[in-house]
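The structure appears below as structure tokens.
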């Protein structure tokens with residue numbers, strides 16, 4: 003009686019100690035035979051006094067496995083068979099990798115051939131090694147931070163992004179992906195293009211600070227207009243002088 007592990011127990015060691023209380027009406031010395039659920043003898047405990055505990059170490063069991071066992075108790079004259087009990091062993095801890103891969107990230111899309119238009123949705127894609135769980139995704143333009151696209155997203159290797167209509171034209175955008183827990187682990191994409199057919203480049207090339215095409219045209223128009231006004235003013239002054247001389 004009183005088996006240990008108890009009947010139906012879970013989370014039992016893979017090297018359990020089997021215990022059971024034994025007794026004999028005549029108070030004699032007992033021999034206890036331990037069997038598994040298939041009837042195979044797995045151990046013997048000799049010379050157990052009546053009323054004591056018979057024990058046996060069942061070593062090398064598999065993890066997360068159900069086992070059955072029972073005992074047969076002999077007083078040298080007759081045998082008594084116990085009930086059959088069962089237990090389930092614990093799920094073993096995974097063995098540590100002796101040579102784990104280092105944590106790393108590698109962006110595959112966008113690449114140098116990518117051209118995306120605002121108000122469209124595209125997938126940012128990357129590969130990783132190691133045990134990175136979550137990543138941060140940021141947008142840069144020519145090395146200058148523009149926006150955080152995802153402060154923390156699962157490291158699934160894919161993120162769907164809808165481009166904001168506020169982004170200006172540039173061929174110098176790039177994506178940076180970093181480990182949320184260790185920002186020193188990161189990767190940056192190649193420069194790629196974002197096209198905004200409405201906003202243009204907001205009056206400059208947007209990348210080196212020099213005037214863009216639209217600004218140059220505006221400057222030429224202003225200069226031409228000022229020159230025309232100056233010429234007209236000069237002609238009016240000459241005509242006025244000529245009229246005064248007549249009088």
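In the numbering used here, the protein residues as written are 3 to 249. By construction, the Cβ of each residue, glycine as well, lies at the ideal position given by its N, Cα and C atoms.
The C-beta separation of residue 141 from residue 149 comes to about 5 Å, placing the pair in contact by the 8 Å criterion. Burial is judged here by how many other beta carbons sit within 10 angstroms of a residue's own beta carbon; residue 181 has at least 16 and is buried.
The alpha-carbon separation between residue 165 and residue 90 amounts to approximately 54 Å. Rounded to whole angstroms, the gap between the alpha carbons of residue 15 and residue 92 is 6 Å. By the criterion of a C-beta distance shorter than 7 Å, residue 51 is surrounded in its chain by 31, once the five residues flanking it on both sides are discounted.
With at least 16 other beta carbons inside 10 angstroms of its own, residue 5 counts as buried. The beta-carbon separation of residue 123 and residue 60, rounded to 59 Å, does not stay under the 8 Å limit for a contact. Per DSSP, the continuous beta strand (DSSP E) segment holding residue 156 begins and ends at 146-156. The residues 172, 174, 175, in chain order, have a CB closer than 7 Å to that of residue 143 in the same chain once the five nearest residues on each side in sequence are set aside. The beta carbons of residue 85 and residue 33 sit no closer together than 8 Å.
According to the DSSP assignment, residue 123 belongs to the beta strand (DSSP E) that extends over 123-131. A distance below 8 Å between beta-carbons, with the five flanking residues on each side excluded, links residue 118 to the following residues of its chain, in chain order: 112, 124, 165, 194, 195, 196, 197. Counting only the Cα atoms, residue 73 lies some 11 Å from residue 23. A direct Cα-to-Cα measurement between residue 47 and residue 20 gives close to 11 Å. Between residue 186 and residue 177, the C-beta gap is not smaller than 8 Å, which leaves the two residues out of contact. Nearest in C-alpha terms to residue 158, of all of 138, 146, 145, 170, is 138. In terms of CA proximity to residue 103, 132 leads the group 64, 188, 132. Burial is judged here by how many other beta carbons sit within 10 angstroms of a residue's own beta carbon; residue 7 has at least 16 and is buried. Residue pairing from DSSP places residue 190 in a beta bridge opposite 178. The same chain holds no residue with a CB closer than 6 Å to that of residue 199 once the five nearest residues on each side in sequence are set aside. The alpha carbon of residue 170 has as its nearest neighbour, out of 121, 63, 129, the alpha carbon of 121. By the 16-neighbour rule on beta-carbons within 10 angstroms, residue 36 is buried.
About 19 Å separates the beta carbons of residue 110 and residue 136, which is beyond the 8 Å limit, so they are not a contact pair.
Here residue 130 is buried, its C-beta having at least 16 other C-beta atoms within 10 Å.
Assigned with DSSP and collapsed to three states, residue 60 falls in coil, not helix or strand.
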